[in-house]
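So the protein lines, in turn, are chains R and H. Quick note: the first sequence uses my numbering, first residue 1, plus one each step. Quick note: the second sequence uses my numbering, first residue 1001, plus one each step. All C-beta atoms, glycine included, are put in the ideal place defined by N, C-alpha and C. One structure is given below, encoded as structure tokens.
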Amino acid sequence: MTARRLAEGGRIDRGTVLPFTWQGAKLTGFAGDTLASALLANGVKVVGRSFKYHRARGIWGAWVEEPNAILDVEWNGIQDPDARATTVELRAGMAVRGVNARPDVDGDIYRGIDLLQRFLPAGFYYKTFFPNWHRYEPRIREMAGLGRLRTAADTRKFETRSAQVDVLVVGGGPAGLAAARAAASAGLSVILADDRPELGGSLLWQSASIDGQVGADWAAATARDLVAAGVRLMPRTTVFGAYDDGAFGLLERRTAAADGWAEERLWTVRARHAVLATGAIERPLVFPHNDRPGVMLASAVLQYLLQYSVLVADDVVVTTNNDSAYDVALALRAAGAVVTLADVRPEAPAVARAAIEAGVRVLPGSIVLHTIGRDGVRLVDIGPADATSARAATLRVPASVVAVSGGLSPAVHLHSQSRGKLRWDEARAAFLPNGAVAGQSLVGALAGAETLAATLASGHQAGIAAALALGRTVTATAPSSPAARRADPIRPYWYVPIKGARQWIDLQNDVTVKDIKLAARENYASVEHLKRYTTLGMATDQGKTSNVNGLAILAEATGRQIPQVGTTTFRPPYTPITFGAIAGMRHGTLHTPWRRLPAHAEHVALGADMREYGGWWRPACYPRADETPAQAIQREAAAARRSIGLFDGSSLGKIVVDGPDAAAFLNLMYYNELANLKPGRLRYVLLLRESGIVYDDGVVSRIGPERYQLSPSSSHTAGVLSALEAWRQTEYPSMRVAFHDVTGAWATLAVSGPDSRAMLASLTDIDLRPEALPHMAFAEGHILGVAARIARVSFTGERNYEVSVPAGYGPALWRALMEAGEPRDITPYGIEALSVLRAEKGYILIGTDTDGMTLPDDLGISGPLRSKKVDFVGKRSLTTPDATRTNRRQFVGLLPLDTTAVPHPGAHAIERTAGGMRSLGWVTSACCSPALGRAIALGMIEAGRARAESGAELDLFHLGQTLRVRVVSPVFYDPAGEKLHG
Amino acid sequence: MRPVPAEQVSDANWADYLYFRDNDKGPHREIWCHSAGCGQWFVMERDTVTHAVLSVRKPGEPA
Chain R
1 MTARRLAEGG RIDRGTVLPF TWQGAKLTGF AGDTLASALL ANGVKVVGRS
51 FKYHRARGIW GAWVEEPNAI LDVEWNGIQD PDARATTVEL RAGMAVRGVN
101 ARPDVDGDIY RGIDLLQRFL PAGFYYKTFF PNWHRYEPRI REMAGLGRLR
151 TAADTRKFET RSAQVDVLVV GGGPAGLAAA RAAASAGLSV ILADDRPELG
201 GSLLWQSASI DGQVGADWAA ATARDLVAAG VRLMPRTTVF GAYDDGAFGL
251 LERRTAAADG WAEERLWTVR ARHAVLATGA IERPLVFPHN DRPGVMLASA
301 VLQYLLQYSV LVADDVVVTT NNDSAYDVAL ALRAAGAVVT LADVRPEAPA
351 VARAAIEAGV RVLPGSIVLH TIGRDGVRLV DIGPADATSA RAATLRVPAS
401 VVAVSGGLSP AVHLHSQSRG KLRWDEARAA FLPNGAVAGQ SLVGALAGAE
451 TLAATLASGH QAGIAAALAL GRTVTATAPS SPAARRADPI RPYWYVPIKG
501 ARQWIDLQND VTVKDIKLAA RENYASVEHL KRYTTLGMAT DQGKTSNVNG
551 LAILAEATGR QIPQVGTTTF RPPYTPITFG AIAGMRHGTL HTPWRRLPAH
601 AEHVALGADM REYGGWWRPA CYPRADETPA QAIQREAAAA RRSIGLFDGS
651 SLGKIVVDGP DAAAFLNLMY YNELANLKPG RLRYVLLLRE SGIVYDDGVV
701 SRIGPERYQL SPSSSHTAGV LSALEAWRQT EYPSMRVAFH DVTGAWATLA
751 VSGPDSRAML ASLTDIDLRP EALPHMAFAE GHILGVAARI ARVSFTGERN
801 YEVSVPAGYG PALWRALMEA GEPRDITPYG IEALSVLRAE KGYILIGTDT
851 DGMTLPDDLG ISGPLRSKKV DFVGKRSLTT PDATRTNRRQ FVGLLPLDTT
901 AVPHPGAHAI ERTAGGMRSL GWVTSACCSP ALGRAIALGM IEAGRARAES
951 GAELDLFHLG QTLRVRVVSP VFYDPAGEKL HG
Chain H
1001 MRPVPAEQVS DANWADYLYF RDNDKGPHRE IWCHSAGCGQ WFVMERDTVT
1051 HAVLSVRKPG EPA
């Protein structure tokens, strides 16, 4: 009574045997099989356990609509934890396992959950797991989820491609082929995409005659003609999304990188016109215990029989509300099966005659009332379609398969994603597109065509319409097919009106008729609420065979008509696409372009610990063989204050601002006054947002009357440049000023410390005497024969010279400085040591000590607000009530009373209140200070400056621990700045 | 347009300029930047429902 392969027939290649394993057992299939058809041919009945109740489930459909056969497939080093067996092309060596079951789908230890089904309706988790759901969480997480993820890296290759085309035809069935044929004959460029490996769509498993040929042969011949006409055929390609301006997303699956090297290709295709020939998807009839293995879609039964030569059972009950299932019954009879057909329509339709003559037992006005059998259908009870009790069954038939047919739902997804509207067609009991979106044509079953002749005609017409829209003429003649008899009308039938019976609507998420009625009772009356409350349609099949049944029941339960309930919003992708395909090649080393300092190799040779900071690889520190990074950082910082420290600052931004209006423009942009900056001088500045928030700090040099150079922080250079351009273009287009990012053109090395001048003086022709080059000034000249600019500006608090040379000389300059400084104990130091040195001086780091709420006065920089006469970005925001309130957080230093306890950045300063604790601010930076020999910290504290003045103490609270600190000025080291000057 | 001069702009006007936008259903004026290309900033009138682009012009260009 199980499924079996027939001796001949089908579109499989019996000459190529493909071995594979199912849950460890060795099986075989043929080339051309899907994993599902091969499993069926081997008599496998149970392929999974349902999501919530862990009920046994079998293969149900034959293509993307499949809800049950979600399997773990491993092949050739590639692993898919949730593959849909009906769309997996069988390959030799595939190792297949079930999911959501332990140890396997046959002996699942969780099957007992179904006994608790009364307590597990839709939304039960909103009403359980009290008082603290975290107690149940580990167990739930262990049980939940489908499939298991391997931890080995995914080695597949993915490509992204794009194409532009006159006509994109979605769907390679008769309608799509006719449309592509017509469009190609008009000389249009055409792409025809179909998600199956072979073109032809339903022609591959339904008997048809087109232009005197068998349907499948006509499809193959047409495909050859299309290629000859220059059409790009894309089989195995799903058009998963429709986007703005004629853009479509396509996922092309390439079998084992057959040609080219990518396993999947993500395409963006921009089409001037699109023909949607996506067909229609069959939905089931709903009856009690309709989820048992053996219940299958009637059209799937037909596909397995005619395309894969698999007879699903020798005893089949077919139940239907429309004519299409009679073709299935006839085909099953021809293969020798015993067929009983229950039609819910009270009168037998005209097609019943041929079926009865062939030996099918036709029962009008009937439906399946119950299926019996453990882990698979064994017996079927049939009774009146209006039965209100299971006892009304009039007939019990032995059967292993119930083939169900409840009507066709046009695959309107791409149309709806394009914001096309739908209308409920009463006669067809289906949602049809209500008029095509501009630039799209709808053909075939998607548009409601009911015969092959109508389908072919609509496809051909669409080709003509596309040609017309693009100014061409179609020369091909329409393909023809013999006229078909009119079908008898479908009778909408949503479920059997038996109280208390368990009737499944959404098989993948285990949603039943009771759940929908529960949702309606609890007032989740909107179809969008129904979806989210019951999870109907939220599984990987996205409700392809359950949405319409579900909303029809909701309509009845809430006393509305189906069109009033409507559908949920359609969103891409139509079927799941892999993250790998979306990422394409942008992962690993290709994810982000990393920038390197000109002297990168020098740092590496010195054993630097290189880390990524804001997109640049920079030395964090230079640990020696016998020290930890923490020790290296302390040593480097001490050396920079004791003798000479050498730092590579080449990543610091350098933007040249040029033009007659440069001074006026920069005055507008920056907080500080810049027009009066003399050539040869530098000034520390803040760049604000219009909201007054400090966006960046840095240094500006006046090169000449109409030229400045900005030095934004490394990670903000692009942002600053973008802001300058935005302001100039949108608000001040009449200002004559241009910007150039020259960051990469210069290598900048900083020589810091008491002996810095002595060492440099011997290498450069620039006059470094303090009267010639005071602090915050720069000069140009040469160093070791190379053109250079030396700026005296400091982030360490020591006398510091930033030496800039053309980037190509960076490595040589580094080596030369290291060599020249050797007798003076020159020490290279990295970012971490710099961070300590600047913290000792109370210099801020944007984004560390400041955040999205910091105003200049919070940092103690309020001069420009008082003295700057002209307007600047953010000015008005500095006088708002919020900007001027007295309890704002201010930048201060924090000294732990325990000198060895380094506070945690992020720890809050607290004030204990009656109700608990109130935050007064937090620690922004903290470290061990080599200069002071103790722990120090910086932070933003409410009324910080007043507290510092009075020497107030505060408690810091972090992870349950309290640390007492004294609020002080943030300038711990050399507050008078003596080291900087002179 | 930026409200100036700062001294004559009320707190309410300034907050409006900084934070309030009309969320129109239909034609909507926006400022865009061709950041992956030439860096040109431009004003686009776009329908927020249909996503149709109604007009494109440089800042300051008359409609």
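Where residue i meets chain H, residues with beta-carbon distance less than 7 Å
i, result
"P733/R", "P1059, G1060"
"K875/R", "A1006"
"Q440/R", "Ordered by position in chain H, no residue passes the 7 Å Cβ test against Q440/R, which lies about 14 Å from the chain."
"D658/R", "Neighbours of D658/R on chain H: none; closest Cβ ~16 Å, over 7 Å."
"A664/R", "Ordered by position in chain H, no residue passes the 7 Å Cβ test against A664/R, which lies about 14 Å from the chain."
"D871/R", "V1004, P1005, A1006"
Supposed close pair residue i, residue j - CB separation, criterion 8 Å
i, j, result
"F778/R", "G649/R", "The pair is not a contact, with the Cβ atoms about 14 Å apart (cut-off 8 Å)."
"I498/R", "I516/R", "That belief does not hold up - the Cβ atoms of I498/R and I516/R are roughly 15 Å apart, past 8 Å."
"G176/R", "V269/R", "That belief does not hold up - the Cβ atoms of G176/R and V269/R are roughly 15 Å apart, past 8 Å."
"A180/R", "M234/R", "The Cβ separation is near 11 Å, so there is no contact."
With 16 other Cβ atoms within 10 Å as the buried cut-off, status of residue i
i, result
"T128/R", "exposed"
"S50/R", "buried"
"F647/R", "buried"
"H273/R", "buried"
"H908/R", "buried"
"H603/R", "buried"
"A608/R", "buried"
"K869/R", "exposed"
"A1012/H", "exposed"
"L285/R", "buried"
"W60/R", "buried"
"Y1019/H", "exposed"
"T535/R", "buried"
"P712/R", "buried"
"N76/R", "exposed"
"I910/R", "buried"
Simplified DSSP assignment, three categories, for residue i
i, result
"H289/R", "coil"
"T340/R", "strand"
"Q1040/H", "coil"
"I633/R", "helix"
"Y326/R", "helix"
"G781/R", "strand"
"H984/R", "Nothing about residue 984/R can be reported from this structure: the residues present for chain R run from 1 to 982 only."
"R1057/H", "strand"
"I191/R", "strand"
"R789/R", "strand"
"M983/R", "In the structure as shown, chain R starts at 1 and stops at 982, and residue 983/R therefore has no counterpart that could be examined."
"G982/R", "coil"
"R876/R", "helix"
Cross-chain neighbours of residue i in chain H, by beta carbon under 9 Å
i, result
"T880/R", "D1011, W1014, A1015"
Contacts that residue i makes with chain R (C-beta to C-beta distance below 8 Å)
i, result
"L1018/H", "E690, S691, S877"
Contacts of residue i in chain R (Cβ-Cβ under 7 Å)
i, result
"R1021/H", "Ordered by position in chain R, no residue passes the 7 Å Cβ test against R1021/H, which lies about 14 Å from the chain."
"G1039/H", "E725"
"H1051/H", "D244"
Contact list for residue i against chain B, beta-carbon separation under 7 Å
i, result
"R1002/H", "The structure shown contains no chain B; the protein chains it does contain are R and H."
Problem set entry | 4-residue-minimum alpha helix (DSSP H) runs that sit fully inside the segment 519-563 of chain R, ordered along the chain | 527-534, 547-557
For this session: Report the residue ranges of all alpha helix (DSSP H) runs contained in full by the segment 438-514 of chain R; include only those spanning at least 4 residues, in chain order.
Result: 452-469
Problem set entry | Whole beta strand (DSSP E) elements within the segment 702-778 of chain R, 3-residue minimum | 707-712, 738-741, 746-752
Problem set entry | Ordered list of alpha helix (DSSP H) runs contained in the segment 369-423 of chain R, each at least 4 residues | 413-417
Exercise. Residue ranges of each beta strand (DSSP E) run of no fewer than 3 residues wholly in the segment 10-84 of chain R, ordered along the chain?
Worked result: 13-22, 25-31, 70-75, 78-84
For this session: Please list the segments of the alpha helix (DSSP H) lying wholly inside the segment 809-871 of chain R, counting only runs of 4 or more residues, in order along the chain.
Result: 810-821, 831-841, 863-867
Exercise. Can you list the beta strand (DSSP E) stretches of 3 or more residues lying completely in the segment 72-155 of chain R, in chain order?
Worked result: 78-84, 94-98
Problem set entry | 4 or more residues per run - each alpha helix (DSSP H) lying fully within the segment 911-975 of chain R | 944-949
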